[in-house]
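Read the structure below first, then the notes.
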Amino acid sequence: MNAVKPTPDALTPSQYEQHHVHNVYESIASHFSQTRYKPWPIVADFLSRQPLGSIGLDAGAGNGKYLHGHNITNLSMANETLKLPIGAQSPGVLVGNESRYLLIGLDRSLSLMSFAQNSHSTPELVNADCLSLPFRSNFNFDFAISIATLHHLSTHERRLEAMKLLLSIVRPRLSNRVGRLLVFVWAHEQGEKSRRMWTKGTLLPAPLIESTQVASSSDCAQEPQSFGSQDVLVPWVLNNIRKNNETIPQTTYNRYYHLFREGELMNLVKSAAQSLKLSFVSDPPVLLDSASDNRSDYCLIKNHGWEADNWWIEAEIGSIA
């Protein structure tokens, strides 16, 4: 069995993620996409609650499993008018009984995005990084989701920056509007039936990375870390495959993950909100930090919890009346 080639001796966090996240997904995209097709219930419920005509962003859309459903880019094969480009269609055609919102998919992996379109849906796609969103600073979405994406960022600073960007893009420009955000990340607290276990060999210790330091070139730490490690490498095994009339031997790719502990995702949202001068409000709505006279925007935690080995959080951004 082959393993991916070792990385250079000195890597920045961005370079480390390129090797242990982006390159891996480019290599396993086809196999990975076959295992990612069923929407998670909490995400599906969140999308179903978005107001008619909303515009949303899926940051880390992958193979686009959330870009279908009620997205206005769904095609009715019996209706030729719906095959027209979005800009050529009237609002009345776009916002029909089965079409609630426009959800744009954003992902770093072109290979994964190639699986996002099918014969029944042609979603709007953007090839970009969640740390460099290619949208005008004066534009905001009505809602956004980021599912199983932020845990691939290798330092706290990078995860915080990504969260700030997510809050920023749903921050409404008008006082009578609210923006909504749903985020899922892998949990450190795994259930008894989880496949993500140290004892099962599906979690390997990863080198700790600081934003001001470089990473070790080793795929795993020199000395095994305790089972409590939050920074891990998760092996993905591709069995022998045929490509261009050649057999490619079994290869293992190690994907980097930061496993979030209980409360860590909440604290990340709070820190990001405070950096953006948003008053952080809990649910039930109790103001946790006082707002000045010229600081009227808030971040309200609508709901949060643990589900199927993941931590998730739903936030609302708006203005204090």
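The UniProt record's numbering puts the first residue of the sequence shown at 1, with every later residue one more than the last. Yeah, the Cβ is synthetic: ideal placement off N, Cα and C, and Gly gets one too. Note that the structure is a prediction, hence the values are computed from the model and not measured.
Cα-Cα separation between residue 113 and residue 66, rounded to whole angstroms: 12 angstroms
Own chain partners of residue 21 with C-beta closer than 7 angstroms, once the 5 adjacent residues on each side are dropped: 152, 255, 256
Residue 104 and residue 55 closer than 9 angstroms at C-beta: yes
Test item: CB-CB of residue 64 and residue 102 under 9 angstroms: no
Sequence-distant residues of the same chain with beta carbon closer than 8 angstroms to residue 177, five excluded per side: 142, 318
Span separating the alpha-carbon of residue 238 from that of residue 29: 11 angstroms
Residue 326 and residue 233 closer than 9 angstroms at C-beta: With the chain covering only 1 through 321, there is no way to say anything about residue 326.
Closest by C-alpha distance to residue 182, when choosing among 35, 269, 123: 269
Status (buried if at least 16 other CB within 10 Å, exposed otherwise) for residue 139: exposed
Host beta strand (DSSP E) of residue 303 (start-end): 297-307
Cβ neighbour criterion (16 or more within 10 Å) applied to residue 306: exposed
For residue 320 and residue 35, the rounded distance between their alpha carbons: 43 angstroms
Cβ-based burial, residue 273 [other Cβ within 10 Å; buried from 16]: buried
Local conformation of residue 205 per DSSP, three classes: strand
Inter-residue spacing [alpha-carbon to alpha-carbon] between residue 46 and residue 245: 45 angstroms
Euclidean distance between Cα positions of residue 41 and residue 304: 14 angstroms
Backbone CA spacing between residue 193 and residue 16 [nearest angstrom]: 30 angstroms
Secondary structure of residue 129, DSSP reduced to three states: strand
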